[in-house]
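Student: For any residue, its number in the working numbering is found by taking its place in the sequence shown, counting from 1, and adding 20.
For each residue, glycine too, the CB sits at the ideal point set by N, CA and C.
Following this message is one structure expressed as structure tokens.
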Amino acid sequence: MNRREPLGVAVIGTGRMGADHVRRIDRVISGARVVAVADTDAERAKAVAATVDGCTAHTDPAAPMAGAGVDAVLIASPGPAHEAALLAAFERDLPVLCEKPLTPDAAGALRVLEAEQALGHRRVQVGFMRRYDAEYVRLKALLASGQLGRPLMLHNRHRNVASPPFFTSSMLITDSVAHEVDATRWLLEQEITAVTVLRPTPSSGAPDGLSDPQFVVLETSGGALSDVEIFVNCGFGYQVQAEAVCERGTARIGDGHALITNMAGRWGGTIAQDFTERFAQAYDDEVQAWVDSTRRGEVTGPSTWDGYAAAAVCEAGVRALEQGGRVEVALVDRPPLYR
Ligand code: ISE
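Quick look at the structure:
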């Protein structure tokens, strides 16, 4: 593409993340403008479109893709709507930034993987924004440098203040742990081969019937273990922490020590309250990287293969949650396009 004029973006889904991405493209990052939005809720689409000069509003997600001036698509609708939107974008060979999960299930992700291969080139960057977070980037570089030796274990903590009303026990895996699944694969450069999910007695702060917290153990192809405490109704803040334990040392991120205050006989800092605050810079950098690479005519970042692998691991995780015990992950062979 290699273009001088701004990239015309259609944003599909104007809920929390979609609206935030519209604001980001319009006011924070450079090189792109939102030319159209779509949402099944017409009023919501209109309200978000009204915040951007010349932006049109639609209810059919495929409609803006056919519109003049649309060069790329950002999909931020709910996970079950992603597959149809991705396939519609492929029909027009449009570059896509697709929020996670790529699809909620491995079969859907495989169909997307096959459709992208039929195009003959990569078109999709998947929205695993942690890969753009400065602390994760430093941890990744340190592990890759080999200074600490081989990673043996990764301990992850992922806490949300409160879960949304529609959250189910399996969504702790598919919506939340999906991030640690990707972070583990990316940091260790290994596939996840098996998943075990343990459930303590649920917190009394969790909605009735929600299995919260959960303790997830991921086994990797290189023999490492990655454990995840997922606790989506912890009540006190949004925390994402990771500690790599390697043969010659450990490295930890996410302690939030950016500002420590001493006052009135106490010391401490503040805890972010949600992901749009904790990962604000990562989202900005992720979308900027997508716009920049798209304008250069390239596709970078987490691929459809990464989205598929995460979907397959999460599917195994949901089975482990439901039936107990250890569930192996079945992946197809990695196609040449993604090697
Ligand atoms: C949400 O969908 C996200 O992607 C957040 O990053 C995660 O922390 C949260 O648990 C999910 O529900």
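Using only the heavy atoms of ligand 1, determine whether one of them is closer than 7 Å to the beta carbon of residue 180.
Tutor: Yes, Cβ of residue 180 sits closer than 7 Å to a heavy atom of ligand 1.
Student: Among 266, 342, 270 and 69, whose alpha-carbon lies nearest the alpha-carbon of residue 193?
Tutor: It is 342.
Student: May I ask you to report which of helix, strand or coil DSSP gives residue 188?
Tutor: If DSSP states are grouped into helix, strand and coil, residue 188 belongs with coil.
Student: Let me know the secondary structure DSSP gives residue 216 once reduced to three states.
Tutor: Strand at residue 216.
Student: Apart from the five residues on each side of it in sequence, which residues of its chain come closer than 6 Å, Cβ to Cβ, to residue 307?
Tutor: So the qualifying residues of the chain are 44 and 49.
Student: Where do the N-terminal and C-terminal ends of the beta strand (DSSP E) with residue 244 fall, by residue?
Tutor: Per DSSP, residue 244 belongs to no beta strand (DSSP E) and is neither H nor E.
Student: Does residue 341 come out as helix, strand or coil in the three-state DSSP assignment?
Tutor: Reduced to three states, the DSSP call for residue 341 is helix.
Student: Would you give the residue range spanned by the beta strand (DSSP E) that residue 205 belongs to?
Tutor: Unbroken run through residue 205 is the alpha helix (DSSP H), 198-208; no beta strand (DSSP E).
Student: Excluding sequence positions up to five away, which residues of its chain have a Cβ less than 6 Å from the Cβ of residue 218?
Tutor: Taken in chain order, the residues that qualify are 235.
Student: Is residue 295 near ligand 1, with its Cβ less than 7 Å from a heavy atom?
Tutor: Yes, ligand 1 has a heavy atom inside 7 Å of this Cβ.
Student: In terms of alpha-carbon separation, which member of 269, 290 and 78 lies closest to residue 275?
Tutor: Per the Cα distances, 290.
Student: Out of 212, 347, 28 and 64, point me to the one whose CA is closest to residue 94's CA.
Tutor: If we check each option's Cα against that of residue 94, 28 comes out closest.
Student: Looking only at its own chain, which residues have a Cβ that is under 6 Å from the Cβ of residue 183, when we skip the five neighbours before and after it?
Tutor: 252 and 253.
Student: First and last residue of the alpha helix (DSSP H) that includes residue 128?
Tutor: Per DSSP, residue 128 belongs to the alpha helix (DSSP H) from 126-139.
Student: Within the continuous beta strand (DSSP E) that includes residue 277, where are the two ends?
Tutor: Taken as a continuous stretch (DSSP letters only), residue 277 belongs to no beta strand (DSSP E), as it is neither H nor E.
Student: On the criterion of 16 or more Cβ atoms from any shown chain inside 10 Å, does residue 143 qualify as buried, or is it exposed?
Tutor: When all chains shown are included, residue 143 counts as buried.
Student: Note the first and the last residue of the continuous alpha helix (DSSP H) segment covering residue 307.
Tutor: Run containing residue 307: 300-315, per the alpha helix (DSSP H) assignment.
Student: Using 8 Å as the threshold, is the C-beta distance between residue 348 and residue 240 below it?
Tutor: Cβ distance not < 8 Å, so residue 348 and residue 240 don't count as in contact.
Student: Should residue 32 be labelled buried (16 or more other beta-carbon atoms within 10 Å of its own) or exposed?
Tutor: Classification of residue 32: buried, given that the 10 Å Cβ count is 16 or more.
Student: Using CA atoms only, rank isn't needed, just tell me which of 125, 89, 91 and 86 is closest to residue 103.
Tutor: The option with the nearest alpha carbon to residue 103 is 125.
Student: Taking 7 Å as the cut-off, is the beta-carbon of residue 189 closer than that to any non-hydrogen atom of ligand 1?
Tutor: For ligand 1, not one heavy atom lies less than 7 Å from the Cβ of residue 189.
Student: If you run the structure through DSSP and keep just helix, strand and coil, what is residue 349?
Tutor: Here residue 349 sits in coil by DSSP.
Student: Where does the unbroken alpha helix (DSSP H) through residue 38 begin, and where does it stop?
Tutor: Here the alpha helix (DSSP H) through residue 38 covers 36-43.
Student: Residues in its own chain within less than 8 Å of residue 20 by CB, not counting five upstream and five downstream?
Tutor: The structure shown has nothing for residue 20, since the chain only spans 21 to 359.
Student: Closer than 6 Å by C-beta to residue 112: which residues in its own chain qualify, once you throw out the five before and the five after it? Chain order, please.
Tutor: So the qualifying residues of the chain are 85.
Student: Whose C-alpha, out of 295, 88 and 175, is nearest the C-alpha of residue 54?
Tutor: Among 295, 88 and 175, the Cα nearest to that of residue 54 belongs to 88.
Student: Does ligand 1 have even one heavy atom less than 7 Å from the beta-carbon of residue 252?
Tutor: Under cutoff, so the answer is yes.
Student: Should residue 305 be counted as a contact of ligand 1 given a C-beta to heavy atom distance under 7 Å?
Tutor: Every heavy atom of ligand 1 is 7 Å or more from the Cβ of residue 305, so no.
Student: Going by beta-carbon coordinates alone, are residue 309 and residue 321 separated by less than 8 Å?
Tutor: Yes, the pair counts as a contact, with Cβ atoms nearer than the cut-off.
Student: Comparing alpha-carbon positions, which option in 174, 314 and 122 lies nearest residue 90?
Tutor: The option with the nearest alpha carbon to residue 90 is 314.
Student: With a threshold of 7 Å, establish whether the CB of residue 196 neighbours any heavy atom of ligand 2.
Tutor: Here the bound small molecules are ligand 1; ligand 2 is not part of this structure.
Student: Could you name the residues of the same chain whose beta carbon sits closer than 8 Å to that of residue 169, not counting the 5 residues immediately before and after it, in chain order?
Tutor: Closer than 8 Å at the Cβ level, and outside the excluded window around residue 169, lie 266, 267, 268 and 269.
Student: Between the C-alpha atoms of residue 273 and residue 83, what's the straight-line distance to the nearest angstrom?
Tutor: Cα to Cα, the separation comes out at about 42 Å.
Student: Taking only three categories from DSSP, how would you classify residue 53?
Tutor: In this structure, residue 53 counts as strand in the three-state DSSP scheme.
Student: Looking at C-alpha atoms only, which residue of 327, 264 and 226 is the closest neighbour of residue 250?
Tutor: For residue 250, the nearest C-alpha among the options comes from 226.
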